[in-house]
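In the UniProt record's numbering, the protein residues as written are 1 to 174.
Right under this line is the structure:
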């Protein structure tokens, strides 16, 4: 009861003060009621605030994009983390061309952290070229479906080094 009396008195005083101020203005009296000045409060919602860092699905996605081990969402199996693959056995000796930088390349790739950045990096390393040789077939109506080749290259110490497909996949742990 006393609170309502105090609030009504406050409103009446505010209205009287605003009437006196409005009479001083040449525009005429203002009959608007204003709410009392209250300290700014943070808006309180009835619902809890999102805490996306604690979502298990988001944690799983981040760990997968970083190449770390995680537990699968559907099958609940442990998925091992990504590791550097074995060197290729081709005649080009691709691993020797890298001069011991393969661990740095692997770590830089997985530390990108997002699927989009990793894809853009990989597509920047792959060049599509036309095929160089074409051999005649025994029958004329058979044609090759292959129109182009993929060339895989890796940036090592500021130089672009060409490697085979298996080495490219093994270096990036794919």
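Glycine included, every Cβ here is placed at the ideal spot set by N, Cα and C.
- Residue 109 and residue 150 have their C-alpha atoms spaced approximately 20 Å apart.
- Our two residues, residue 48 and residue 130, have alpha carbons roughly 58 Å apart in a direct line.
- Assigned with DSSP and collapsed to three states, residue 56 falls in helix.
- The segment 66–74 makes no contact with the segment 85–102, as fewer than three CB pairs between them are under 8 Å.
- Ranked by Cα distance from residue 134, the options 113, 97 and 148 are led by 148.
- Of the other Cβ atoms in all chains shown, 16 or more fall within 10 Å of the Cβ of residue 94; this residue is therefore buried.
- With the rule of 3 Cβ pairs closer than 8 Å, the segment 113–122 counts as touching the segment 52–67.
- In its chain, beyond the 5 residues on either side, 88 and 94 have a beta carbon closer than 6 Å to the beta carbon of residue 167.
- Excluding its 5 nearest sequence neighbours in each direction, residue 106 has C-beta neighbours in its own chain below 7 Å: 84, 171, 172 and 173, listed in chain order.
- In chain order, 52 place their CB closer than 7 Å to the CB of residue 58, counting only its own chain and leaving out the 5 sequence neighbours on each side.
- Short of 8 Å from the beta carbon of residue 125, and not among the five residues preceding or following it, lie these beta carbons of its own chain, in chain order: 152, 153, 154, 155 and 168.
- Under the three-state reduction of DSSP output, residue 135 falls in the coil class, being neither helix nor strand.
- Around the beta carbon of residue 96, fewer than 16 other beta carbons lie within 10 angstroms, which makes this residue exposed.
- For the set 80, 99 and 91, the Cα lying nearest the Cα of residue 164 is the one of 91.
- Note on the segment 81–123: whole alpha helix (DSSP H) runs with a minimum of 4 residues are 94–97 and 102–110, in chain order.
- Annotated as distal: residue 161 and residue 122, with beta-carbon spacing of 8 Å or more.
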